[in-house]
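Participant: This is the structure I have questions about; it appears just below.
Numbering (mature numbering (1 follows the signal peptide of the UniProt record, and there is no 0)), first residue to last: -17 to -1, 1 to 693.
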């Protein structure tokens, strides 16, 4: 064979071998369904993506079918594994199926992908969010959580952002279902009043209007809280027990964890006595220190001062009624079995009286021993100490929460859980006659309180938009003022201090009001304050809250020595009018007024005791005093500012105020009372009134040794 023929044969063999080795071309892989928004707005562009792949690694072209009879051109070339993006907008509303196809350079085409269903609607923005929900009161540098949500007319997801009122606006939240809640936290660096608002946007970037504002008052760091104690170690529940305070300052309170707690004034637990069920009743303390408390286990428990059960008395129903203690030690309480019980101090039954309904209100004992209590049968009962009835009074079938307060003249004030058009506060004479009744906003479910001047304070449970209302009524039932906290209230009885400040609880915390209804402060808690506050002899305010805590707040004045200053009358919760109100007040009579060169003068002098704390002195005229003007305390002899004058009063009225008196050595003149011209202006005529020889009264803190020197 020639060389030329040999080369030609080799080339032909190589070509044939190459032809036999050529690969088979495969079509591209079927792509997955495109990705992109499944809700779109009409005439708005959106981006959709598809991933392309080819088993042979060929370059690829892509086409999208938009489901509206339009498709894209074939666009390429892309490497296998690339993600390809296209945009599209629809000119009509409806539901469309978006698909993609892939083609290689040999024009082999994949199957059509699965479809992505896209709903196209008219371009509607989200609805305006609700006003943010959150606290109305907070502390500087503390974070607080706020909540808002917005509905979308097309039920598409929305995101929320908050404007905090301090120049800061949050980032957008994650998208949540239409109407779903979004929570965010914020802390304010400066004390001030701030307005929080919220805005929504949808997946198409359309935004809503800003919401209505929510106001929060940010205070400096908390200066009111002395301590708070978590009852039952993490238990949170309905707490309605009003604390009682023993002679040594121990605080006794019931809890929903079935326990009675004894707590030291510093907030540490001394002991915990466990009953068989939640303790909704408020404890009462006997003269020997025994603590009586009712429980939902149907028993009244008598517990020693060191936390040991002395005895218990079983009834036929749960006990929500708080016991009262008579002067002879008799213990009165009601039960849901419909009976009022009277027990001897040793726990034996003295007598019981059946009513025609559960007895969940608490008894009150008058100075003559008469026992007053309301029943679910609608009657207020007046019973003699031996259990025989004196009279019954029908309170419009709404006496099941008829908590009683007794005035200085024996008038019985009680509330009723009435409707809007029925009386909800009654004043009855000691013989059972109606003195007056008042229709308030809604029922009065707690006991009234009575101030030194006879003002009756009562909380109605239903004011504007469901808010509670605190009423101040004169003894003749006329309204002096009403305070609307814009929060639910009604279960917490007011408590009045010697300075005239009132405390009462609401769904948002504890309020402190001056005697003219101006707000002193509001302390926010984490739940409903349905218990009645108690005020210690040093002014500390104790109360429980549905957030599970017993609170101790800093106060400035002890309990008023008035006829009925708080729920169940006094610190020991005896429910008895002849009982000393505050554990620290005594009374002495000042000498008859004697003439001075420019009026009348009394001096109060320390006669030998150096006190380790301030004392609260209270000066007021006895009921037979004449008209008074220009009454003041000599400021040179008092360490604190005092009023320079008091308004005029008529014969038989009481004029009073308090002033703190600091530490003073023997012989120091603490306070000088100067009475200038006593007169009354009547029809333009200055009529002078003779006050010579009138008697005045001074009250002061127990333990002080003070004499009155004319």
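Beta carbons: idealized from backbone N, C-alpha and C, even for Gly.
(1) Any idea what DSSP makes of residue 492, helix, strand or coil?
(2) Spatial neighbours of residue 32 within its chain, please: C-beta separation below 6 Å, excluding the five flanking residues on both sides.
(3) Count the other C-beta atoms from every protein chain shown that fall within 10 angstroms of the C-beta of residue 552, then say buried if there are 16 or more, exposed otherwise.
(4) Looking at residue 236: is its Cβ nearer than 8 Å to the Cβ of residue 248?
(5) When the Cα of residue 413 is compared with those of 319, 438, 288 and 376, which residue comes out closest?
(6) So, residue 325 versus residue 334, is the Cβ gap smaller than 8 Å?
(7) For residue 305 and residue 251, what's the separation of their Cα atoms in angstroms?
(8) Would the beta-carbon of residue 130 fall within 8 Å of that of residue 117?
(9) Contact defined as beta carbons within less than 8 Å: I believe residue 393 pairs with residue 349. What is the distance between those atoms, to the nearest angstrom?
(10) Please list, in chain order, all residues of the same chain as residue 23 whose beta carbon is under 6 Å from its beta carbon, the five residues on each side excluded.
(11) Between residue 171 and residue 151, what straight-line distance do the alpha-carbon atoms span, to the nearest angstrom?
(12) Mind checking residue 478: buried by the 16 CB within 10 Å criterion, or exposed?
(13) Near residue 49, which residues of its chain fall below 7 Å by C-beta distance, leaving aside the five closest residues on each side in sequence?
(14) Residue range of the beta strand (DSSP E) that residue 168 falls in?
(15) Would you mind stating whether residue 270 and residue 257 have Cβ atoms separated by less than 8 Å?
(16) Grab me the residues of residue 158's own chain with a C-beta within less than 6 Å of its C-beta, minus the 5 sequence neighbours each way, in chain order.
(17) Report the option in 191, 189, 132 and 492 whose CA atom is closest to the CA atom of residue 524.
(18) Quick one: residues in its chain with C-beta nearer than 6 Å to the C-beta of residue 168, no 5 flanking neighbours on either side, listed in chain order?
(19) For residue 362, name the three-state secondary structure that DSSP assigns.
(20) Name the one or two DSSP bridge partners that residue 227 has.
(21) Within the stretch 106 to 138, note down every full beta strand (DSSP E) run reaching 3 residues or more, in order along the chain.
(22) Taking all protein chains shown into account, do 16 or more other C-beta atoms lie within 10 angstroms of the C-beta of residue 430, making it buried, or fewer, making it exposed?
(23) Which runs of the beta strand (DSSP E) at least 3 residues long sit entirely within the stretch 491 to 555? Give them in chain order.
(24) With a cut-off of 8 Å, does the C-beta of residue 99 fall near any C-beta of chain B?
(25) Using a 10 Å radius around the Cβ and a threshold of 16 neighbouring Cβ atoms, would you call residue 162 buried or exposed?
(26) Between residue 468 and the rest of its own chain, which residues show a CB-CB distance below 7 Å, the 5 nearest in sequence each way excluded?
(27) Express the C-alpha separation of residue 76 and residue 37 in angstroms, rounding to a whole number.
(28) Which of helix, strand or coil does DSSP assign to residue 76?
(29) Along the chain, which unbroken stretches of the beta strand (DSSP E) at least 3 residues long are found entirely within the stretch 141 to 217?
(30) Pick out whichever of 154, 223 and 148 has its Cα sitting closest to the Cα of residue 198.
(31) Going by DSSP in three states, residue 695 sits in which element: helix, strand or coil?
(32) Is it buried or exposed, residue 497, if we count other Cβ atoms within 10 angstroms and call 16 or more buried?
(33) Distance, Cα to Cα, residue 527 vs residue 508?
(34) Skipping 5 residues on each side, what residues in its chain have a beta carbon closer than 7 Å to that of residue 53?
(35) Please classify residue 88 as buried or exposed, where buried requires at least 16 neighbouring CB atoms within 10 angstroms.
(36) Are residue 273 and residue 291 close, meaning C-beta to C-beta below 8 Å?
Facilitator: Answer, in terms of the structure:
(1) Correct three-state label for residue 492: strand.
(2) Answer for residue 32: 18, 66 and 68, listed in chain order.
(3) If you draw a 10 Å sphere on the C-beta of residue 552, you find 16 or more other C-beta atoms in it, and that means buried.
(4) No; because the gap between Cβ atoms is not below 8 Å, this pair is not in contact.
(5) The shortest C-alpha to C-alpha distance from residue 413 to any of 319, 438, 288 and 376 is the one to 376.
(6) Yes; because the gap between Cβ atoms is below 8 Å, this pair is in contact.
(7) Computed Cα separation, rounded: 24 Å.
(8) Closer than 8 Å, so yes.
(9) Their Cβ separation, rounded to whole angstroms, is 6 Å, which keeps residue 393 and residue 349 in contact under 8 Å.
(10) Counting only residues of its own chain and dropping the five nearest sequence neighbours on each side, residue 23 has a CB closer than 6 Å to the CB of 29, 101 and 103.
(11) C-alpha separation (whole angstroms): 10 Å.
(12) By the neighbour-count criterion, in which a residue is buried when 16 or more other Cβ atoms sit within 10 angstroms of its Cβ, residue 478 is buried.
(13) Taken in chain order, the residues that qualify are 71, 79 and 81.
(14) Boundaries of the beta strand (DSSP E) around residue 168: 165 to 170.
(15) For residue 270 and residue 257, no; Cβs fall outside 8 Å.
(16) Cβ contact annotation for residue 158 (same chain, cutoff 6 Å, sequence separation greater than five): 140 and 142, in chain order.
(17) Taking only the C-alpha atoms, the option nearest residue 524 is 492.
(18) Result list for residue 168: 126 and 128, in chain order.
(19) Strand.
(20) Residue 227 is bridged to 235.
(21) Those beta strand (DSSP E) runs which fall completely within the stretch 106 to 138 and span 3+ residues are 120 to 122 and 126 to 131.
(22) Per the 10 Å Cβ criterion, buried.
(23) Those beta strand (DSSP E) runs which fall completely within the stretch 491 to 555 and span 3+ residues are 492 to 496, 502 to 507, 524 to 527 and 532 to 536.
(24) No chain B appears in this structure, which consists of one protein chain only.
(25) With fewer than 16 other Cβ atoms from the protein chains shown falling within 10 Å of its own Cβ, residue 162 counts as exposed.
(26) Residues 450, 451, 489 and 494 of the same chain have their beta carbon placed closer than 7 Å to that of residue 468, with the five preceding and five following residues left out of the count.
(27) Residue 37 and residue 76: Cα-Cα distance of roughly 35 Å.
(28) Correct three-state label for residue 76: coil.
(29) Assignment of beta strand (DSSP E) within the stretch 141 to 217, counting only whole runs of 3 or more residues, yields 141 to 146, 165 to 170, 175 to 185, 197 to 202 and 208 to 213 in chain order.
(30) With distances taken between Cα atoms, residue 198 lies closest to 148.
(31) Residue 695 lies beyond the stretch modelled for the chain, which goes from -17 to 693, so this question has no answer here.
(32) With fewer than 16 Cβ atoms within 10 Å of its Cβ, residue 497 is classed as exposed.
(33) Using only the alpha carbons, I get a separation of about 10 Å.
(34) Closer than 7 Å at the Cβ level, and outside the excluded window around residue 53, lies no residue.
(35) Its Cβ having fewer than 16 others within 10 Å, residue 88 is exposed.
(36) Cβ atoms of residue 273 and residue 291: not closer than 8 Å.
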